[in-house]
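Just below is one structure, and these are the notes that go with it.
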Amino acid sequence: QDSLFDTTWSEAHENQILTACGDGSIKLFDISLSEFPIQSWQEHAREVFAVHWNLVTKDTFLSSSWDGTIKIWNPQAPASIATLPTHSCTYSAQFSPHSPSVLSAVSSDSHLRIFDLRTPASASNHLTLSIPIHAPPKARVGGAPVPPAAASPPAEALTHDWNKYRDGIIATAGVDRTIRTFDMRQLNGPVAVLPGHEYAVRRLTWSPHLSDVLLSASYDMTCRVWTDGTAMGNNPAEAAAKNPMSFGGGQELGRMGRHTEFVTGVDWCLFGAEGWCASCGWDERLLVWDVRAIMGPGNRTM
1 QDSLFDTTWS EAHENQILTA CGDGSIKLFD ISLSEFPIQS WQEHAREVFA
51 VHWNLVTKDT FLSSSWDGTI KIWNPQAPAS IATLPTHSCT YSAQFSPHSP
101 SVLSAVSSDS HLRIFDLRTP ASASNHLTLS IPIHAPPKAR VGGAPVPPAA
151 ASPPAEALTH DWNKYRDGII ATAGVDRTIR TFDMRQLNGP VAVLPGHEYA
201 VRRLTWSPHL SDVLLSASYD MTCRVWTDGT AMGNNPAEAA AKNPMSFGGG
251 QELGRMGRHT EFVTGVDWCL FGAEGWCASC GWDERLLVWD VRAIMGPGNR
301 TM
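By full-length UniProt numbering, the letter at position 247 of the sequence shown is numbered 247, and the numbering carries on one by one without gaps.
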């Protein structure tokens, strides 16, 4: 027995779930069967920290590990079908929700990497972009100046997520406590910088309902909801006045502080009324709550 660092539901079978294991294995379970796991793969040399299903073709999944690799798998095959080196501990990897061939990863070397499986493997192992997360944003013509805090030394990147509505928009966060958003079409540093957490950000996720809203979970025992500043009617000057260290017009909309230990996971409910989410942490609790209860004027706290 060993730790489980991540899970993901199968996109091809409603009863099957993948787990990322501390012993370097990946296991597939079927909750309708009494015998489990129904499949196990063991290729990674270190802990597997993330698993993610292909949301478009639904017939492959990926895993990332502290051994500095990402592996692509077909659940019907006994071995991986591709290995992508990152050369650093890779805490988070995902397929793009917009393309079956594009995937991303963030690692301990403070870089966001984009791979495209359609490119020749011989060139650079399908790597198409390697973006330094800690680099400062470029000042915009006629825009607000870049705050000093927007530039920071390299720090481990622990989490990232693709925007569900805007192709090419990715949010990242990690040990430096700051959330950043990047546009793959404009590689001039982050387009938004959202400081505020007091300790490392362990998980973040874009809303499945609103294109500018995302949730974060942190070791400071809070979950926070943010706007990246792209919604119609957003006032960048107001955001800068609330937090002079922010950039791009985004701001915190509210926070939930009911956890009593590190918060390590948070996710949205895809069904029913928009706004419901769940979070978990080292306090051995899973909390279900409504983001709408904390969104609004005055950064309301639950």
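Ideal placement from N, C-alpha and C gives every residue a C-beta, glycine not left out.
At the level of alpha carbons, what is the spacing between residue i and residue j?
{"i": "S3", "j": "T178", "result": "27 Å"}
{"i": "I169", "j": "F182", "result": "6 Å"}
{"i": "D161", "j": "E35", "result": "33 Å"}
{"i": "C223", "j": "S122", "result": "42 Å"}
{"i": "A93", "j": "S32", "result": "28 Å"}
{"i": "K164", "j": "V291", "result": "18 Å"}
{"i": "W276", "j": "T19", "result": "24 Å"}
{"i": "I253", "j": "S279", "result": "This sequence places Leu at residue 253; Ile is not what is there. Going from the Cα of L253 to the Cα of S279 covers about 17 Å."}
{"i": "C89", "j": "R258", "result": "31 Å"}
{"i": "S207", "j": "W289", "result": "14 Å"}
{"i": "W268", "j": "P78", "result": "33 Å"}
{"i": "T60", "j": "T119", "result": "18 Å"}
{"i": "Q42", "j": "P75", "result": "13 Å"}
{"i": "S10", "j": "W53", "result": "6 Å"}
{"i": "D23", "j": "Y91", "result": "15 Å"}
{"i": "L127", "j": "I70", "result": "12 Å"}
{"i": "G189", "j": "R202", "result": "22 Å"}
{"i": "M302", "j": "M184", "result": "35 Å"}
{"i": "A82", "j": "L187", "result": "27 Å"}
For residue i versus residue j, is the C-beta distance shorter than 7 Å?
{"i": "D6", "j": "A50", "result": "yes"}
{"i": "L204", "j": "A231", "result": "no"}
{"i": "L84", "j": "F95", "result": "no"}
{"i": "I133", "j": "L158", "result": "no"}
{"i": "H197", "j": "S218", "result": "yes"}
{"i": "D116", "j": "S130", "result": "no"}
{"i": "G265", "j": "G248", "result": "no"}
{"i": "W73", "j": "E47", "result": "no"}
{"i": "D220", "j": "Y199", "result": "yes"}
Relative to the C-alpha of residue i, which residue among the options is closest?
{"i": "A135", "options": "A20, V225 and A155", "result": "A155"}
{"i": "S246", "options": "P37, Y91, W226 and R300", "result": "W226"}
{"i": "H44", "options": "G248, K27 and V106", "result": "K27"}
{"i": "G250", "options": "S218, T260, D220 and V213", "result": "V213"}
{"i": "T86", "options": "G248, W41, G229 and N125", "result": "N125"}
{"i": "S99", "options": "R166, W268 and P137", "result": "R166"}
{"i": "V191", "options": "V263, T260, P137 and A273", "result": "P137"}
{"i": "A105", "options": "P120, A12 and S63", "result": "S63"}
{"i": "P37", "options": "I17, W53 and S130", "result": "I17"}
{"i": "V263", "options": "E274, N188 and D283", "result": "D283"}
{"i": "K58", "options": "E14, F29, A82 and W41", "result": "E14"}
{"i": "S40", "options": "M295, E11, S80 and G68", "result": "S80"}
{"i": "R285", "options": "L270, G272 and E261", "result": "E261"}
{"i": "M256", "options": "E274, I294 and F271", "result": "I294"}
{"i": "P97", "options": "V56, S107, A82 and L215", "result": "V56"}
Assuming residue i is part of the beta strand (DSSP E), what are its boundary residues?
{"i": "A157", "result": "A157 to W162"}
{"i": "F61", "result": "F61 to S65"}
{"i": "T222", "result": "Segment: none, T222 is in no beta strand (DSSP E) and carries neither H nor E."}
{"i": "D6", "result": "L4 to W9"}
{"i": "A105", "result": "V102 to S107"}
{"i": "D30", "result": "S25 to D30"}
{"i": "T264", "result": "V263 to W268"}
{"i": "R203", "result": "V201 to W206"}
{"i": "R118", "result": "Note, R118: premise wrong, no beta strand (DSSP E); not H, not E."}
{"i": "H52", "result": "V48 to W53"}
{"i": "A12", "result": "Note, A12: premise wrong, no beta strand (DSSP E); not H, not E."}
{"i": "A82", "result": "A82 to P85"}
{"i": "A45", "result": "Looking at the DSSP string, A45 is not in any beta strand (DSSP E), and its letter there is neither H nor E."}
First and last residue of the alpha helix (DSSP H) that includes residue i?
{"i": "S122", "result": "A121 to S124"}
Quick check on DSSP: helix, strand or coil for residue i?
{"i": "R166", "result": "coil"}
{"i": "R185", "result": "coil"}
{"i": "V291", "result": "helix"}
{"i": "A20", "result": "strand"}
{"i": "C277", "result": "strand"}
{"i": "R258", "result": "coil"}
{"i": "E252", "result": "strand"}
{"i": "Q94", "result": "strand"}
{"i": "Q76", "result": "coil"}
{"i": "P171", "result": "The sequence shown places Ala at residue 171, rather than the Pro named in the question. DSSP places A171 in strand when its eight states are reduced to three."}
{"i": "G131", "result": "The question names Gly, but residue 131 is Ile in the sequence shown. Strand at I131."}
{"i": "K177", "result": "It should be pointed out that residue 177 corresponds to Arg in this sequence rather than to Lys. Three-state result, R177: coil."}
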